Structure formats: structure tokens, C-alpha cells
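Numbering (the working numbering), first residue to last: 229 to 628.
All C-beta atoms in this analysis are idealised placements derived from N, C-alpha and C, irrespective of residue type, glycine included.
These numbers were taken from a predicted model, which means no experiment stands behind them.
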Amino acid sequence: MKHRGRHRRRKRGRALRGVLAGTALALTAAATMISASQATVDEDPGALDRITSATELDTLRLHEDLVPDRDLNRLTAAMGRTVGVRAVLDDADRSLRNAGDCTDAEREALPVAPAADHAYCWDAADTRSWRAGAVTTSGDADDDGMWGEQRVVLSAWSRENLSRVAFIDATDPDRLRYTWVLLAVPTADGSDYRALSSPVSGMVWYQDKLLVTASGGLYVYDLHRIQRATVDSAAVGRAHGGWSAHGARFVLPAVGAYRGARPTGLSLDRSTAPDSLVASGGDRLWRYAFSKDPDRTGLLATGRADEAYRTDAAGLAGVLSYGSRWYVSDSAGPSQERGSLWRQNASGAETARCEPYGTHRCWSPATASLSYSEATGEVWSQSGRTLFSLGLNTIDSALE
């Protein structure tokens, strides 16, 4: 195991594996797969083009800016004792619906080919006016796929000037329960906090840190510094009688940020040494190495891009890398019902085609991110009010 610390793992809990009920994914029954060479040629992104220019690589550099401990401790002293992930999950007060209880419209957000193994749907009232964003899991956090005794999925949602994360206890794949944690940024002196006013299209939970995309770069959160809200109101920060998190039971203030490059997609790659943070933005894919310093858990080694490529994949959204393979999803265009999932490397690109439509647009209409759990072999994503997972081997089989 690569990281134990205060959150030592116990190899327990059953993996999130299985097959959905027949009616849940009936729309995939007629799907067949072929390589991208048989798909529409003008949309084939082709091979990745490696970026070697020092000048261009330097534009991807990140500069670390951590909040001083004295300011973080001032906020903690004012708000009260911090809590951990376990306490948040123990307070889960909401449930996701299983695939069989999803509506036909919600199931339309699932990939046609390759098909999902698990699917869950969010409550419309709980997510109304919020936009689904990135997903990460305890499979990112630790190489055994667990956080303590629990398997966890984090799902980001944003609206206007607010962003929040659902902490989901997914230990029992038939009963996913969650509660909300508001993402916040401390004021300059640590006496208060404001909401993170940026959509979260990329998010990675690595060791004890949560890295999320923001309009100004990447924000860093320490999952040992979650605070309880004491006032239930629409306010954010100090409120009459205590501390408010816009109705969420918990709030998570940032402990730092990375400035410079502004990626839109993030994921974790455990196939590299050391583990690396994978990023996407515009027409580029790149990675940063994580630090191996035990005093810098979950932080980057240097902020310098160790590898970068240019891709011709249109509408780049989610990104994943494992070994020499890069997986990128693009969203459906204005006149399209579905997006595509491409596997690219230095030799070319592959995707799937679904019959009877004869198209390679077989993926979900809009997936902001892709998150791979090496421990379970699962890829997690979400589209609209539908959260789903499938095996990476299932994806590869569909593209071979």
C-alpha cells in the first residue's frame, strides 16, 4: 500500500460489481462494436501528437500556493473540531435510486456501447437547478479502493456561485446513501469562508487531499479538515447563531491552490511511478507527478508537466490514462443525441459503433469526467442525474 497514515485501510467491503437488471439497460441490447477505422473518418481524432516544445510545456506549469497553517487553525478554532470522511458518511441522510427505479429519460443518459454495469439516479428535487460535474472515488484515494472500511464515491455539483460534493457511501452497491459537503475558500485572514464560485468539471481524491478544477486553476482540500455547519440557512460562512453552508450539513474550506495552467478535466493514473495527476484542456492532454514526500501527502511533486500530447478529439470532456492508453470522452453536439468515447495512443484512435444506427456516437451525451478505480477495475462517470460505472476491461473489449 502506498499511503496509510491516519486512515489505515482494512481490506474489507465487497467490490461494486454485477450486472444491471434486464430492463434497466434494454437500450443496449442491439449494440455492436467496431474500431474507429470503420467509423466516420472526419471525426476520427487519430493518433496523439506528443508535445516536446519547452515553451509550450512551460505553459502547463502549476505554481503551488498553500494557506498558512495559522489561518487554517484560526478558522478551525472558531468553528469547532474538524471531522473526517467517516463522520460525514455516518450522517448520510439521502439515497440514490437503483437502475430499476430510474426513469426512461434518466436511462437515456447511459452509454449504449459499451454498456454500464451499475447505474443510479439522483433525486430530482435534491439536484434541481444544479449541474452535475466531476466524479472521483476511494479507488483514487488509496490503492486498496477503500477509505477505512468503506467504499466511497464523490460527486460534484455546481450552480451559479456555489459548488458542493455528495459524499456517497457505496460499500453496499444496492444501497447508496449520501450527504452534501459545500466547497469553500477561506478569507485572507482565516476568520471566515466564502463559497467556491466555479463549476467543478475535474476532481481527484488522492490520499488525504481533494483536487478540484476552478476558474483560477486547481483548489486543494484536506479531507481531515471537514467542518460541521451549525446553521441551516442559505447563507455561506458566518451567520446569525453560527456557521452556514447553504443548507449542507458540512463545509470543506480549501487549504491551497495551484495557479497557472487551467485544466478542465482531471483523473488519477496509478500505472505511472510515482502516481500522476492527468489533466485535459482545450486540445491538450498532460500529467503531473505526485510528491512522494510523506510530509506532502496528496500534493504535486513540482507542478511541471512530465508528459503532454495534443489531441484532435472534438468537444473534449472526461480524460483517463492507464499505461500507454488515453481515454477521452466528447459531449454530444447541438444536433447529436450522444457523445463518443475514444481510446488514443501514439498509433491511432479507436471507438465503438452501435447498431442499428451505424454510428460511433454510443457514449453518454455528456460526461464531465472519468474516474478509474484500479482496485475494482471500474470506471465511474455521471451524466445529468445518472451516475454509472463499468469495467475498464469492458471498455477495452468494446474497442478491440
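- The residue from G418, D436 and G444 with its alpha-carbon nearest to that of P296 is G418.
- Of the residues Y516, L494 and L424, the one whose Cα lies closest to the Cα of A482 is L424.
- For the pair L438 and L505, the CB atoms are not nearer than the 9 Å cut-off.
- In this structure, DSSP gives R512 an extended state, which the three-state scheme calls strand.
- Where S383 is concerned, the enclosing beta strand (DSSP E) starts and stops at V380 to R387.
- Around the beta carbon of D321, fewer than 16 other beta carbons sit within 10 angstroms, so the residue counts as exposed.
- Following the DSSP letters along the chain, one finds G367 inside the alpha helix (DSSP H) bounded by residues S366 to A369.
- Between T614 and A416, the CB-CB gap reaches or exceeds 9 Å.
- Here G488 carries a strand assignment [DSSP, helix/strand/coil].
- Sequence-distant Cβ neighbours of V428 in its own chain, meaning closer than 7 Å and more than five residues away, are G361, A362, A384, S386, S391, V440 and T441.
- Taken in chain order, the whole beta strand (DSSP E) runs of length 3 or more contained in the segment 385-450 are 390-397, 405-414, 421-423, 431-434, 437-442 and 445-450.
- If you draw a straight line from the Cα of A341 to the Cα of R566, it comes to about 11 Å.
- Between L276 and Y537, the beta carbon gap of about 4 Å places them in contact (Cβ cut-off 8 Å).
- Just measuring C-alpha positions, the residue of R309, A327, T331 and A344 sitting nearest W591 is A344.
- In chain order, G418 place their CB closer than 8 Å to the CB of R298, counting only its own chain and leaving out the 5 sequence neighbours on each side.
- Exclusion of the five residues before and after A462 leaves S472, H474 and G475 as the residues of its chain whose Cβ lies within less than 8 Å of its Cβ.
- Excluding five sequence positions before and after T364, the CB atoms of its chain that fall closer than 7 Å to its own CB belong to L382, M431, V432, W433 and S599, given in chain order.
- In the same chain as G526, and ignoring 5 residues on each side of it, the C-beta atoms closer than 6 Å to its own belong to Y434, Q435, D436 and K437, in chain order.
- Each of L569, L620 and D293 was checked against the Cα of Y486, and the nearest Cα belongs to D293.
- Taking 9 Å as the cut-off, the beta carbon of D558 is found no closer than this to the beta carbon of A577.
- When A352, E271 and D397 are compared, the shortest CA-CA separation from V316 is found for D397.
- Per DSSP, reduced to three states, the secondary structure at R571 is strand.
- Around V413, the same chain offers Y421, R422, A423, L424, Y447, P481 and A482 as residues with beta carbons nearer than 8 Å, after the five sequence neighbours per side are excluded.
- Contiguous alpha helix (DSSP H) elements confined to the segment 516-554 do not occur, taking only those with 4 or more residues.
- For R335, the enclosing alpha helix (DSSP H) begins and ends at D332 to R335.
- Minimum Cα-Cα distance from F616 among the listed residues R325, D272 and L288 corresponds to R325.
- Bounds of the alpha helix (DSSP H) holding V316 are V313 to D318.
- The three-state secondary structure of I279, taken from DSSP, is coil.
- Contact annotation, S495 with V547: C-beta distance approximately 6 Å; criterion of less than 8 Å satisfied.
- Here DSSP, grouped into helix, strand and coil, assigns R456 to strand.
- Rounded to whole angstroms, the gap between the alpha carbons of T287 and R512 is 11 Å.
- Contact check for T604 and G373: beta-carbon distance about 5 Å, within the 8 Å limit, so the pair qualifies.
- Between L411 and V313, the C-beta spacing is not below 9 Å.
- Annotation: A594 to G612 spans about 7 Å, alpha carbon to alpha carbon.
- If you ignore the 5 residues before and after A467, its C-beta comes within less than 8 Å of the C-beta of V459 and S461, all in its own chain and listed in chain order.
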